[in-house]
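Okay, structure first, notes after.
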Amino acid sequence: AQRVTQPEKLLSVFKGAPVELKCNYSYSGSPELFWYVQYSRQRLQLLLRHISRESIKGFTADLNKGETSFHLKKPFAQEEDSAMYYCALVFILTGGGNKLTFGTGTQLKVEL
Amino acid sequence: DSGVTQTPKHLITATGQRVTLRCSPRSGDLSVYWYQQSLDQGLQFLIQYYNGEERAKGNILERFSAQQFPDLHSELNLSSLELGDSALYFCASSPRVTGALDTQYFGPGTRLTVL
Chain A
4 AQRVTQPEKL
14 LSVFKGAPVE
24 LKCNYSYSGS
34 PELFWYVQYS
44 RQRLQLLLRH
54 ISRESIKGFT
64 ADLNKGETSF
74 HLKKPFAQEE
84 DSAMYYCALV
94 FILTGGGNKL
104 TFGTGTQLKV
114 EL
Chain B
89 DSGVTQTPKH
99 LITATGQRVT
109 LRCSPRSGDL
119 SVYWYQQSLD
129 QGLQFLIQYY
139 NGEERAKGNI
149 LERFSAQQFP
159 DLHSELNLSS
169 LELGDSALYF
179 CASSPRVTGA
189 LDTQYFGPGT
199 RLTVL
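Structure, rendered in structure tokens:
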């Protein structure tokens, strides 16, 4: 069964420090992974997806199939990065539907 | 603002009752997804509808049901409510049914409290 693990419930860093939010997955097929972010009192929104290999707000994530990881990184944390971050794996179901399996989330707190 | 709307914002009810949560997808999106977010279970996929038809089912209880109407809005019906059903219920929408790479656009959620 597919599974997403985010081992850290809370990560606290100082402004300007590097950030790495860990995500490990378990999936028998070829994974499609996403990072979603939820800022305080706002709705969940897509941050980035691995297929795009893009950098959003300075964040990047590389899929490592050998380690089954998709860690989210940013070289220099900003105060506005404080939010809840969810790693998610998309799973195509029989019948053509699809669903996102989310990790439990990591609360990132950037301190001055 | 993602364009996905959900009503009501908050709902407080008693055990044994039945409630209906409503979701309007982004204009043009045909798929609607429902998720439940609780402290102990995290974010859990419940069900997906595409253009009026159920297409994927997750950890949805038999006491829960959903439907998508011709105008593409969706309703999640929760019955025989229990204390453990207290959670934040999110709706999301995307353009296609199997668009695995499609972004899902989330609504603000409905917070359900069962007393």
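Protein chains in written order, with our numbering: chain A, 4 to 115; chain B, 89 to 203.
No residue lacks a Cβ here, since even glycine has one placed at the ideal position from N, Cα and C.
Bear in mind that the values here come from a model prediction, so they are computed numbers and not experimental data.
C-alpha gap between residue i and residue j, whole angstroms
i, j, result
"L203 (chain B)", "S33 (chain A)", "43 Å"
"F79 (chain A)", "K112 (chain A)", "13 Å"
"Q231 (chain B)", "S167 (chain B)", "Nothing about residue 231 (chain B) can be reported from this structure: the residues present for chain B run from 89 to 203 only."
"S119 (chain B)", "E163 (chain B)", "13 Å"
"C111 (chain B)", "K102 (chain A)", "17 Å"
"H53 (chain A)", "D65 (chain A)", "7 Å"
"Q129 (chain B)", "G108 (chain A)", "11 Å"
"A180 (chain B)", "P158 (chain B)", "17 Å"
"L176 (chain B)", "K68 (chain A)", "33 Å"
"T191 (chain B)", "P113 (chain B)", "13 Å"
"G91 (chain B)", "D117 (chain B)", "10 Å"
"E82 (chain A)", "K18 (chain A)", "6 Å"
Same chain, Cβ closer than 7 Å to residue i, neighbours up to 5 away in sequence not counted
i, result
"T63 (chain A)", "K76"
"S174 (chain B)", "L200, T201 and V202"
"Y30 (chain A)", "Q5 and L92"
"E57 (chain A)", "L51"
"I100 (chain B)", "T201 and L203"
"S115 (chain B)", "G91"
CB-CB length for residue i against residue j, believed under 8 Å
i, j, result
"Q125 (chain B)", "F178 (chain B)", "6 Å"
"Y28 (chain A)", "F73 (chain A)", "6 Å"
"G106 (chain A)", "V22 (chain A)", "Actually they are not in contact, since the Cβ atoms of G106 (chain A) and V22 (chain A) sit about 16 Å apart, beyond 8 Å."
"Y39 (chain A)", "Q48 (chain A)", "7 Å"
"G100 (chain A)", "Q136 (chain B)", "5 Å"
Own chain partners of residue i with C-beta closer than 6 Å, once the 5 adjacent residues on each side are dropped
i, result
"S153 (chain B)", "N165"
"L13 (chain A)", "Q110"
Cutoff 8 Å; reference residue i; Cβ partners in own chain excluding five residues on either side
i, result
"A102 (chain B)", "L169, V202 and L203"
Problem - Touch test, the region 139 to 149 of chain B against the region 92 to 110 of chain B, Cβ-Cβ under 8 Å, three pairs minimum - result: Per the Cβ contact rule, the region 139 to 149 of chain B is not in contact with the region 92 to 110 of chain B (fewer than 3 Cβ pairs under 8 Å).
Practice task
Note down, in chain order, all residues in the region 83 to 94 of chain A with a beta-carbon under 9 Å from any beta-carbon belonging to chain B.
Solution key: Contact annotation: in the region 83 to 94 of chain A, residues whose CB is within less than 9 Å of a CB in chain B are Y89, A91, V93 and F94.
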